[in-house]
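Number of protein chains: 2
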Amino acid sequence: MKTPVSIREVATLAKVSVGTVSNVLNRPDVVAPATRERVQAAIAELGFVRNESARQLRSGTARAIGLVVLDVANPFFTDMARGVEEAATEAGHAVILCNTDESAAKEARHLELLAEQRVHGVLITPADASLDGVRKLRERGVSVVLLDHHAALPDSCSVAVDDRTGGELAVNHLLAEGHDEIVMVNGASRLEQARQRYAGAQDALRKAGRAPDVLQLLEVPAFTVAGGLRAGEQLLARANRPSAVFCGNDLLALGVLQVMVRAGVRVPDDMAIVGYDDIDFAAAAAVPLTSVRQPRQQIGRTAARLVIAETQAPEEHEHQHIVFTPELVIRESSRRTHKPRRARKVGSRTTA
Amino acid sequence: MKTPVSIREVATLAKVSVGTVSNVLNRPDVVAPATRERVQAAIAELGFVRNESARQLRSGTARAIGLVVLDVANPFFTDMARGVEEAATEAGHAVILCNTDESAAKEARHLELLAEQRVHGVLITPADASLDGVRKLRERGVSVVLLDHHAALPDSCSVAVDDRTGGELAVNHLLAEGHDEIVMVNGASRLEQARQRYAGAQDALRKAGRAPDVLQLLEVPAFTVAGGLRAGEQLLARANRPSAVFCGNDLLALGVLQVMVRAGVRVPDDMAIVGYDDIDFAAAAAVPLTSVRQPRQQIGRTAARLVIAETQAPEEHEHQHIVFTPELVIRESSRRTHKPRRARKVGSRTTA
DNA sequence: TTGTGGCGATAAATCGTTTCAATCGAGTTG
DNA sequence: CAACTCGATTGAAACGATTTATCGCCACAA
Chain A
1 MKTPVSIREV ATLAKVSVGT VSNVLNRPDV VAPATRERVQ AAIAELGFVR NESARQLRSG
61 TARAIGLVVL DVANPFFTDM ARGVEEAATE AGHAVILCNT DESAAKEARH LELLAEQRVH
121 GVLITPADAS LDGVRKLRER GVSVVLLDHH AALPDSCSVA VDDRTGGELA VNHLLAEGHD
181 EIVMVNGASR LEQARQRYAG AQDALRKAGR APDVLQLLEV PAFTVAGGLR AGEQLLARAN
241 RPSAVFCGND LLALGVLQVM VRAGVRVPDD MAIVGYDDID FAAAAAVPLT SVRQPRQQIG
301 RTAARLVIAE TQAPEEHEHQ HIVFTPELVI RESSRRTHKP RRARKVGSRT TA
Chain B
1001 MKTPVSIREV ATLAKVSVGT VSNVLNRPDV VAPATRERVQ AAIAELGFVR NESARQLRSG
1061 TARAIGLVVL DVANPFFTDM ARGVEEAATE AGHAVILCNT DESAAKEARH LELLAEQRVH
1121 GVLITPADAS LDGVRKLRER GVSVVLLDHH AALPDSCSVA VDDRTGGELA VNHLLAEGHD
1181 EIVMVNGASR LEQARQRYAG AQDALRKAGR APDVLQLLEV PAFTVAGGLR AGEQLLARAN
1241 RPSAVFCGND LLALGVLQVM VRAGVRVPDD MAIVGYDDID FAAAAAVPLT SVRQPRQQIG
1301 RTAARLVIAE TQAPEEHEHQ HIVFTPELVI RESSRRTHKP RRARKVGSRT TA
């Protein structure tokens, strides 16, 4: 209604052809300085803004990438999103964020929408284990990078963290601290991450020559604080509580921790807790949480760069499967206080 | 490269004109059942996906809305984003999420990009107090809804929470609990929210007939956990610590809380803490945080609906300024333990 | 038989940009 | 002075969908 000013009006005002205006916009070097300035003046005067739709209609693909995550409310994913956004902005791309809440149906809907938008590429943490939607996208020629999910598709890149090793690290640590009755609180085993982390935990047992029943599995419906609270209540109700709990992610761990603290269960002395992801809130918890750190932003940044690179040179692009190595960050929630008489204050002051 | 199948190929296969295919897509009722089915079969067979760019080139506006927030890592904003996403998906729109990190420069860049995308509308929590970028968008005819920011623009809608009242509620509560030396830890006063909440806090004093110096201000650069940690350290270093702290948001409060707990300062007995936003992590903190609750998802949902409504019927749309009323949620972090001998367990079990 | 309507389908114009072959003008060279 | 080069600019053809006027057809009425 106001003034949808087009390239043509700019051309008229600057007394050049539309082709020249387009050149000023896209390859300023090929146009003579004098004309260039004249055109730029006209653009400024009319307040012209390039119409992306038209541009991408011609070029066939958009200057946007889709990011599909399991849960936007999980700081792990927002941190990752930050990395994605950073890299995307760098390349002049917009990010379309989609949230699936671990639901395959929602995922399918979002992918449909992204396909219609002709996005440059899609970064996705799959909720649908079958990867059907992702495969369909690939067939349509959309680049896909699987996030936090190991290479299940040969014709796509993936960026992941070695979840199996992560699980192993966590349980190794607990075993080393002397625990021999460990419960793993985990999200839906439908999700790759959940499975891998559990497998890693089992690896640790095997390698240490311990019986498999040292580790029990407690599965909750979703990787959320609410899930952790529920798990905590259940553990509390048990006759023989485990001396250590390994949680599939930090939200679960925070939930469990909260229940224990409220009930007067001392952490870590009565129960050690280890989380996964090392979100900022983990370190900030009242009993700082031991956690398996993943390079959150870096995952996002790397994935975004991969997908952008792929679409810029599709032919010579070789699909990569990048795997970061997780790192165990030990904090109070799992540290055995062997010397209970040691001055507390000194310890707390050394915090970096 | 694969098969960018267009409406034309569908038409050929179904032996109809492109116009008819378009009709099947957009007003299936005007086309005869037999042809309709034939076309739909062709669409399915070819795996046709409508090209949004082409569609919006014609219609002039996109099926996407922009959401510009101060900090994606803040659960308050992700919860809000969830609401936005929900309402947008409902209306078949995509959400383009932009993060400004409270920087006016980043905000300007994002708005430029959104303008190029010809988004349906923009929901924004402004980082730039001058609102220049927003105004420019309006001039270009893009609908804008200001989020969490009071009506500064007469020609836009806004959805906000009465921050001033919120601040008042918080400090009222602290006064009622008998505190007479309160520090407000706040983010940059450049931000509207920060100013309003502080003003509300001062209101509380005035109305209670207390001296203004009962409340001191401690400003940190950003509304983050890191900011809270810094503030906490500063408070700890003071000779005379305040008996209560009111934080401009929950991230700050969690930071302060963490420092206090580590240092052995008992919360709330030695220092009461009140936050703002009531993010989920507030309730889940080891000392559950008293906080001023805002209807996070509802803000987002309402705003998205407003902007969609505006663009669907621009002429008859009346700009609205919706203000939600905040609510104080009292938890342990500020509750005076008047009767220390009371059984703790009973209290904790009543938690909903 | 002619006229009138209504329904379904069509063809063509259109949206704003990019791209590419063609053109133009001014030098440069033989 | 003609032939050529080269850089700068132009004009028109795409891109893929929507939309509008139009057309063909059939039924029914006059």
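Heads up: the protein sequence lines correspond to chains A and B, in order.
At position 196 of the first sequence (counting the first as 1) the number is 196 in this note's numbering, and the numbers step up by one without a gap.
With positions in the second sequence counted from 1, the corresponding number in this note's numbering is that position plus 1000.
Every residue gets a Cβ at the ideal spot worked out from N, C-alpha and C, and that includes glycine.
On a predicted model such as this, the values are computed, not experimentally measured, just so you know.
CA-to-CA distance, residue j to residue i, given in whole angstroms
i, j, result
"Arg342/A", "Leu1254/B", "Residue confidence for Arg342/A is low, a pLDDT of 37 falling below 50, so the modelled location carries little weight and cannot support an answer."
"Thr1325/B", "Ala1188/B", "23 Å"
"Ser1017/B", "Arg1050/B", "16 Å"
"Phe246/A", "Ala127/A", "23 Å"
"Val1084/B", "Val69/A", "16 Å"
"Ser1053/B", "Leu1067/B", "20 Å"
"Leu1174/B", "Ser1243/B", "9 Å"
"Gln147/A", "Leu1217/B", "Sequence check: residue 147/A is Leu here, not Gln. Those two C-alpha atoms are separated by around 43 Å."
"Ser143/A", "Gln312/A", "10 Å"
"Ala1304/B", "Ala1087/B", "6 Å"
"Gly1380/B", "Arg1135/B", "Residue 1380/B cannot be examined here, being either before or after the span of chain B that is shown, 1001 to 1352."
"Val346/A", "Ile1065/B", "Note that Val346/A scores 36 on pLDDT, short of 50, meaning its location in the model is unreliable and no value can be drawn from it."
"His1321/B", "Asp1163/B", "14 Å"
"Leu137/A", "Leu111/A", "8 Å"
"Ala1176/B", "Val171/A", "48 Å"
"Asn249/A", "Phe223/A", "7 Å"
"Ser1334/B", "Leu205/A", "44 Å"
"Pro1340/B", "Ala263/A", "Below a pLDDT of 50, predicted positions are generally treated as unreliable, and Pro1340/B, at 40, falls in that range; no measurement from the model is reported."
"Pro33/A", "Thr61/A", "30 Å"
"Asp155/A", "His317/A", "11 Å"
"Ala1115/B", "Val95/A", "14 Å"
"Glu332/A", "Cys98/A", "36 Å"
"Asp132/A", "Leu1123/B", "33 Å"
"Asp203/A", "His179/A", "16 Å"
"Gln239/A", "Met184/A", "Checking the displayed sequence, the identity of residue 239/A turns out to be Ala instead of Gln. One C-alpha to the other measures close to 17 Å."
"Gly1047/B", "Thr1100/B", "38 Å"
"Arg1109/B", "His93/A", "11 Å"
"Ser1130/B", "Val1323/B", "21 Å"
Contact set between residue i and chain B, taken where Cβ atoms lie within less than 8 Å
i, result
"Gly255/A", "Ala1284"
"Asn249/A", "None at all; the shortest Cβ gap to chain B is about 14 Å."
"Gly60/A", "Pro1004"
Exposed unless 16 or more other CB atoms sit within 10 angstroms - verdict on residue i
i, result
"Arg1349/B", "Unreliable placement is indicated for Arg1349/B, whose pLDDT of 37 sits below 50; the coordinate value is still reported in the next sentence. Label assigned to Arg1349/B: exposed."
"Asn74/A", "buried"
"Ile1330/B", "exposed"
"Ser158/A", "buried"
"Gly1166/B", "buried"
"Arg195/A", "buried"
"Met1121/B", "A small correction: the amino acid at residue 1121/B is Gly; Met does not occupy that position in the sequence shown. So Gly1121/B counts as buried."
"Asp71/A", "buried"
"Glu1315/B", "exposed"
"Ala1237/B", "exposed"
"Glu1037/B", "exposed"
Contact list for residue i against chain A, beta-carbon separation under 8 Å
i, result
"Glu1051/B", "Looking at the sequence itself, residue 1051/B is Asn, so the reference to Glu does not match. Under the 8 Å cutoff, chain A gives Leu57, Glu116 and Arg118."
"Ser1079/B", "Here the sequence assigns Asp to residue 1079/B, which means Ser is not the residue at that position. Ala73, listed in chain order."
"Arg1082/B", "Val72, Ala73 and Asn99"
"Val1225/B", "Asp280, Phe281 and Ala284"
Within chain B, partners of residue i - CB distance below 7 Å
i, result
"Leu113/A", "Ala1094"
"Ala54/A", "Leu1057"
Under 9 Å from the C-beta of residue i: neighbouring residues of chain B
i, result
"Glu85/A", "Val1072, Leu1097, Cys1098 and Asn1099"
"Val261/A", "Ala1286 and Val1287"
Beta-carbon neighbours of residue i, restricted to chain A and to distances below 9 Å
i, result
"Gln1258/B", "Ala283, Ala284, Ala285, Ala286 and Pro288"
"Val1171/B", "Neighbours of Val1171/B on chain A: none; closest Cβ ~25 Å, over 9 Å."
Compile a chain-ordered list of the residues in the segment 1267-1285 of chain B whose CB is closer than 7 Å to at least one CB of chain A. Asp1280, Phe1281, Ala1284 and Ala1285
Specify whether the segment 217-236 of chain A and the segment 258-267 of chain A touch according to this definition: at least 3 beta carbon pairs, one from each stretch, less than 8 Å apart. yes
Given 8 Å as the limit, is there contact between the segment 1286-1299 of chain B and the segment 1265-1274 of chain B, that is, 3 or more CB pairs closer than that? Between the segment 1286-1299 of chain B and the segment 1265-1274 of chain B, the count of Cβ pairs shorter than 8 Å is three or higher; the stretches touch.
Should the segment 1009-1027 of chain B be regarded as contacting the segment 1035-1045 of chain B, the criterion being three or more beta carbon pairs within less than 8 Å? yes
Would you check if the segment 205-219 of chain A and the segment 147-162 of chain A touch, i.e. whether three or more CB-CB distances between them fall below 8 Å? no
For the segment 1123-1140 of chain B, which residues have a CB atom closer than 7 Å to at least one CB atom of chain A, in sequence order? Under the 7 Å Cβ criterion, the segment 1123-1140 of chain B contributes Glu1139 and Arg1140.
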